[in-house]
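In our numbering, the protein residues as written are 271 to 535.
Backbone N, C-alpha and C fix where the C-beta goes; we use that ideal spot for every residue, glycine too.
Here is the structure we will look at.
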Amino acid sequence: MTDAANFIWYELMTPDPAGAARFYGAVVGWTIAATRDPAAGDVDYRMIGRSDGGNAGGILALNADMLAGGARPAWLGYIHAPDVDAAIAAIKADGGAVHMPATDLPVGRIAMVSDPQSAAFYIMDPVPPPGMEGMESDVFSVDQPQRVRWNELSTSDPDAAIAFYTRHFGWGQDGAMDMGDMGAYRFLQRGDVGIGAVMPLMPGMPAAMWSFYIGVDDIDRAHAAVTANGGRILTEPMEIPGGEYAMNGVDPQGAAFGLVGPRKS
271 MTDAANFIWY ELMTPDPAGA ARFYGAVVGW TIAATRDPAA GDVDYRMIGR SDGGNAGGIL
331 ALNADMLAGG ARPAWLGYIH APDVDAAIAA IKADGGAVHM PATDLPVGRI AMVSDPQSAA
391 FYIMDPVPPP GMEGMESDVF SVDQPQRVRW NELSTSDPDA AIAFYTRHFG WGQDGAMDMG
451 DMGAYRFLQR GDVGIGAVMP LMPGMPAAMW SFYIGVDDID RAHAAVTANG GRILTEPMEI
511 PGGEYAMNGV DPQGAAFGLV GPRKS
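See below:
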């Protein structure tokens with residue numbers, strides 16, 4: 271296995287965890303806990319469960335103070351960093367920023383940072399659950415439903431962003447898809463696994479950001495479930511290389527997301 275960093279967790283920040291549970295349960299098939307995780311202490315944090323018994327990520331409930339401080343509904347990814355403090359120093363020295371300082375939690379040491387173009391993400395050195403020492407996180411998968419299957423960065427400076435992530439996290443960049451006037455869609459690899467892509471910031475997008483495409487069993491069923499459960503469609507299902515389909519939407523609380531899966535009808 272490569273030493274390059276992995277996406278090891280995904281987190282939905284939302285003011286309405288129960289509403290998010292209903293929405294993503296219908297669209298993706300997840301089961302989201304109805305109450306906070308006791309291990310999170312005073313923070314309202316809930317696990318996102320997959321049908322196979324694993325976890326897909328977590329939900330952080332945004333309270334009034336967080337919202338007043340500028341927090342908004344969004345999905346964020348966690349990238350593995352074996353030394354969080356060293357990673358923070360390197361990111362700051364390279365033009366990035368720190369939004370939440372290094373913090374020790376029962377599950378590991380984390381920090382929220384952003385790259386030089388302002389796309390936010392977490393870095394984390396996790397404490398493995400008992401009996402799972404040495405195992406890799408399985409919240410990302412290239413082909414499984416109910417996991418994030420693709421990590422997409424929209425940014426104001428693709429060249430600089432690619433240099434940043436390859437330098438700090440050991441990823442590769444090889445191959446691209448021409449999007450015409452919109453520029454190049456440039457693929458990222460972790461070892462020999464394609465994990466996502468970097469693209470130019472599109473008109474109307476306010477800032478650089480990571481987007482995450484969640485695997486579904488049937489793109490048309492999921493598309494119908496988005497609108498039936500109060501979400502909005504941003505882009506209709508579009509065929510992607512390999513014959514599956516991808517689309518983008520916004521959940522009822524305002525967090526943007528992507529979906530990817532086969533067309534069965």
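query: Please report the distance separating the alpha-carbon of residue 480 from that of residue 347.; result: 8 Å
query: Are residue 301 and residue 343 closer than 8 Å when you measure CB to CB?; result: no
query: According to DSSP, is residue 306 helix, strand or coil?; result: coil
query: Any chance you could list the alpha helix (DSSP H) runs of at least 4 consecutive residues sitting entirely within the region 398-473, in chain order?; result: 428-439
query: Please report how far the alpha carbon of residue 525 lies from the alpha carbon of residue 287, in whole angstroms.; result: 12 Å
query: Rounded to whole angstroms, what's the CA-CA distance from residue 239 to residue 309? Just pull it up for me.; result: Residue 239 is absent from the structure shown; the chain starts at 271 and stops at 535.
query: Could you name the residues that DSSP lists as bridge partners for residue 379?; result: 374, 395
query: Check whether the Cβ atoms of residue 372 and residue 358 lie closer than 8 Å to each other.; result: yes
query: Can you check whether the CB of residue 530 is closer than 8 Å to the CB of residue 502?; result: no
query: Tell me which residue opens and which closes the alpha helix (DSSP H) that residue 313 is part of.; result: Residue 313 -> no alpha helix (DSSP H), and no H or E assigned at all.
query: Give the DSSP bridge partners of residue 543, in chain order.; result: Absent from the structure is residue 543, since the part of the chain shown begins at 271 and ends at 535.
query: Label residue 425 either buried or exposed according to how many other C-beta atoms from any shown protein chain fall within 10 Å of its C-beta, with 16 as the threshold for buried.; result: buried
query: Measuring only between beta-carbons, confirm whether residue 352 sits less than 8 Å from chain D.; result: Considering every chain present, this structure includes no chain D. It has just one protein chain.
query: With contact counted as at least three CB pairs below 8 Å, one residue from each stretch, are the region 497-512 and the region 431-442 in contact?; result: no
query: Does the Cβ-Cβ distance between residue 383 and residue 368 come in under 8 Å?; result: yes
query: Using CA coordinates, which residue listed in 378, 350, 386, 391 is at the minimum distance from residue 370?; result: 391
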